[in-house]
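K.L.:
Quick one: this structure, given as C-alpha cells, is what I'll be asking you about.
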Amino acid sequence: MRRRTRFSLEPKYILAICSVLCIILIFISVRYEDKVQPVKNAVTSVFTPMQKGINSVGRWITDKLELLSNIKDLQEENKALKEELAETTYENRILQQEGYELDTLRDLYELDKRYASYPKVAATIISKDTNNWYNRFVIDKGSDDGLKVGMNVLAGNGLVGIIIKVGHNNATVRSIIDDASNVSGMFLKTNDQCNVKGNLELIDNGLIEVQGIDKDAKVKDGYEIVTSAISPKYLQGILIGYISDITVDSNNMTKSGYLTPAVDFSNLSTVLVITELKETLY
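Below, the structure written as C-alpha cells:
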C-alpha cells in the first residue's frame with residue numbers, strides 16, 4: 038500500500054510569505070491609492086461599527102470592574118467602621134457601667150452620712166424574685182459578716198426593708214413594697230402615727246398604702262413619713278417616703294393615703310445593712 042505524504046510548511050516559511058503579502062498590499066495601497074480607496078471604504082464601513090461595539094463592550098467591562106472594585110472597597114470600609122463602632126459601643130457601655138457604679142457608691146456614701154449614728158455594711162444584690170420589683174431579694178453578705186434576722190436595710194434615699202433570713206454568706210431581704218410588709222411610721226413634721234403597708238399591685242403606679250392616720254392629724258400631701266419610735270423592728274427616723282391623696286376613711290375615725298417610696302424598687306443593685314438590731318439599741 039502506498040503511504041500518503043503529509044505536506045506542511047515550516048513556520049519560518051509562513052512568516053516569510055505573510056511578510057511578502059503585507060509588503061505587496063502596502064505597495065498596492067500606495068501605488069494605486071485611488072483604485073484601492075473604495076475597498077478601504079468598504080472595509081472601514083464593515084469594521085468601524087465592529088470597532089465601536091468592541092470599544093463599547095470594553096468600556097462596559099471596565100466600568101463593571103471599577104464598580105466591583107469600588108464595592109469591595111466600600112465593603113472593607115463598612116467592615117472597618119462596624120468594628121470601630123462595636124469597639125466604641127463597648128467602651129461607652131463600660132463607661133456607662135462605671136458611671137452608674139460611681140453614682141451608686143456616691144449615693145451610698147451620702148446615705149451613710151445621713152444615718153451616721155448607725156453602723157452599716159454594704160452588700161450587693163445577687164438574686165431577686167422573678168417579677169419587675171425588688172420586693173424580695175438576696176444579698177451577698179450573711180452571718181459570717183455579722184448579719185442577723187431583723188436588721189434594717191437601706192438604699193437610695195431611705196428604707197428598703199428588713200432581713201428575714203440569713204445564711205453563712207447570704208441573706209434574704211423583704212422590702213417595704215412586699216404584700217407581707219407592715220412598717221410603723223410617723224409624720225416627720227407632726228409626729229402623727231401611721232402604718233405603711235406593702236402592695237405589689239399599687240407599686241406598678243409607684244405607690245404603696247398608708248393607713249391608720251388619726252382623723253384629726255394635721256397632715257398634708259407631700260409630708261415625709263419616717264420609721265416610728267414605736268416600731269418593734271425598724272430603727273427610728275429612717276425616711277420611708279412621701280404621703281399623697283389623703284382621704285377620710287369610711288369609719289370617719291381615720292385617714293388613709295398613698296406613699297411614694299424614697300427608694301426606686303425597680304432598680305436596685307447595692308444596699309446598706311444596719312448591723313445593729315432595734316432591741317439592742319433601745
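Residue 237 in the numbering used here sits at position 200 of the sequence shown, and the numbers go up by one each step.
No residue lacks a Cβ here, since even glycine has one placed at the ideal position from N, Cα and C.
What's the gap between the Cα of D149 and the Cα of G235?
P.N.:
25 Å
K.L.:
Going by other Cβ atoms of all chains shown within 10 Å of its Cβ, with 16 needed for buried, is K19 buried or exposed?
P.N.:
Past the boundaries of the shown model lies residue 19; the chain is included only from 38 to 319, so the question cannot be answered.
K.L.:
Would you decide whether I311 is buried or exposed? Buried here means 16 or more other CB atoms lie within 10 Å of its CB.
P.N.:
Within 10 angstroms of the beta-carbon of I311 lie 16 or more other beta-carbons, which makes it buried.
K.L.:
For E316, tell me which candidate among N189, I277 and L296 has the shortest Cα-Cα distance.
P.N.:
Among N189, I277 and L296, the Cα nearest to that of E316 belongs to N189.
K.L.:
In this structure, how does DSSP classify T6 when only helix, strand and coil are distinguished?
P.N.:
Absent from the model: residue 6. The displayed extent of the chain is 38 to 319, so no value can be given.
K.L.:
Compute the distance between the beta-carbons of D253 and L237, then report whether it is under 8 Å.
P.N.:
no
K.L.:
Which residue wins for smallest C-alpha separation from K322, given the options I60, K157, G187 and I54?
P.N.:
As displayed, the chain neither begins before 38 nor continues past 319, which places residue 322 out of reach and without an answer.
K.L.:
Which residue wins for smallest C-alpha separation from N169, given the options A299, D286, L314 and N242?
P.N.:
N242
K.L.:
Measuring alpha carbon to alpha carbon, tell me which residue in T99, R96 and A159 is nearest G183.
P.N.:
A159
K.L.:
Is it right to say I275 is buried, meaning 16 or more other beta carbons lie within 10 angstroms of its own, or is it exposed?
P.N.:
Classification of I275: buried, given that the 10 Å Cβ count is 16 or more.
K.L.:
DSSP three-state call for L148: helix, strand or coil?
P.N.:
Annotated three-state conformation of L148 is helix, per DSSP.
K.L.:
Can you check the stretch 198-272 for any beta strand (DSSP E) of at least 3 residues that lies completely inside it and give the ranges in chain order?
P.N.:
Listed in chain order, the complete beta strand (DSSP E) runs (minimum 3 residues) inside the stretch 198-272 are 208-212, 219-224, 230-234, 245-251 and 261-264.
K.L.:
Go ahead and pull the three-state DSSP assignment for Y137.
P.N.:
Low confidence applies here, because Y137 scores a pLDDT of 44, under 50, leaving its location unreliable; read the following figure in that light. Y137 falls in the helix class under three-state DSSP.
K.L.:
Between M223, Y152 and V308, which lies nearest to T264 when the distance is taken from Cα to Cα?
P.N.:
M223
K.L.:
Under 8 Å between the Cβ atoms of I199 and I176?
P.N.:
no
K.L.:
Could you give the residue range of the beta strand (DSSP E) that holds K165?
P.N.:
K157 to K165
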